[in-house]
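In the numbering used here, the protein residues as written are -10 to 270.
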């Protein structure tokens, strides 16, 4: 049975006895962390790629105001930046956990880029956790998704196929799963594993080497960790590494930044403050 923990934005997370950690930062909020550290910066990079390809004109990458007057996904639907753009986006979500990153991605793209086709791949070795998600108290924003259908299908069959999004769930070890994936096949990697101290295998050079191999040349990896050693591991594998935080991040919306990993230099990212991290020594 899951040990629930309510976070600062009132969304629920849970405590893992195996790793002696919660699945999210309770101080920042489970939903807020997912959006600010993974979904929104990765979406901004997708829009930047589309502009570079001539598929998208001048846009604003971040419309949603988390915990604002209209909720996490509301308020600017009619001004969504990429509503008419058709593209196929492959996303690797490490690891599935409570499903926040995958589910928030479904809702975010349905709101701001409904014609994009998503394919989300995610490993999770804790089968008991997956079964418990059927009764998990997800944020009210997720009520727009058919979560019961999605979860039942994933748990029983491993693959959910929706109108504009597919999710493939791999029940097993994340590192072994990543090793099986094709070269240069992912636009986005959400790296949201338990902390380096608790789960070092998913922060090693061996792991980041695999991520470098499977990420597309213009792809992006997002993670919450700001550890100097973890950033050095990524640099050693060939990544360009950037510290990032939202340009507007004050008061109730204040949230700690994270790290972006790319195979190409990133000079700017709309709505974000970037700092390039140099190799030590």
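Think of the CB as a built atom: it goes at the ideal place given N, C-alpha and C, for glycine as much as any other residue.
Determine which residues share a DSSP beta bridge with residue i and list them.
i	result
residue 245	Answer is none; residue 245 lacks a bridge partner.
residue 106	77
residue -6	2
residue 230	250 and 266
residue 177	80 and 209
residue 149	156
residue 235	261
residue 111	158
I need the DSSP call for residue i, collapsed to helix, strand or coil.
i	result
residue 130	helix
residue 261	strand
residue 204	strand
residue 194	helix
residue 116	helix
residue 3	strand
residue 13	coil
residue 64	Note that residue 64 scores a pLDDT of 37, beneath 50, so its modelled location is shaky and nothing firm can be said.
residue 123	helix
residue 23	helix
residue 171	coil
residue 189	helix
residue 99	helix
residue 91	helix
residue 215	coil
residue 32	helix
For residue i, which residues in the same chain have their Cβ closer than 6 Å to its Cβ, ignoring the five residues on either side in sequence?
i	result
residue 2	-6, -4, 11, 12, 13 and 19
residue 263	231 and 233
residue 267	none
residue 222	194 and 197
residue 165	none
residue 94	28
residue 167	199
residue 148	157
residue 251	209 and 229
residue 139	149
Relative to the C-alpha of residue i, which residue among the options is closest?
i	options	result
residue 233	224, 213 and 221	213
residue 245	220, 266, 257 and 215	215
residue 228	82, 203, 158 and 235	203
residue 141	120, 159 and 160	120
residue 161	123, 86, 92 and 198	86
residue 236	42, 257 and 183	257
residue 172	37, 208, 265 and 223	208
residue 22	269, 220 and 0	0
residue 128	96, 35 and 192	96
residue 39	100, 133 and 176	176
residue -2	5, 7, 6 and 16	16
residue 98	145, 24, 265 and 41	24
residue 133	189, 100 and 255	100
residue 224	255, 269, 146 and 43	269
Considering only their Cβ atoms, is the gap separating residue j from residue i smaller than 8 Å?
i	j	result
residue 226	residue 194	yes
residue 82	residue 111	yes
residue 102	residue 71	yes
residue -9	residue 131	no
residue 158	residue 170	no
residue 104	residue 73	yes
residue 191	residue 217	no
residue 123	residue 88	no
residue 183	residue 5	yes
Going along the chain, which residues of its own chain have a beta-carbon closer than 7 Å to the beta-carbon of residue i, five neighbours each way excluded?
i	result
residue 211	26, 27, 30, 31, 179, 180, 247 and 249
residue 9	187
residue 91	82, 85, 109, 111 and 156
residue 220	230, 248 and 266
residue 185	192, 214, 216 and 219
Near residue i, which residues of its chain fall below 8 Å by C-beta distance, leaving aside the five closest residues on each side in sequence?
i	result
residue 106	75, 76, 77, 78, 153 and 154
residue 174	79, 203 and 205
residue 261	30, 33, 233, 234, 235 and 236
residue 116	160
With hydrogens ignored, establish whether the beta-carbon of residue i is closer than 7 Å to any heavy atom of the ligand SAH.
i	result
residue 198	Ligands are entirely absent from the displayed structure, and the ligand SAH is therefore not among its contents.
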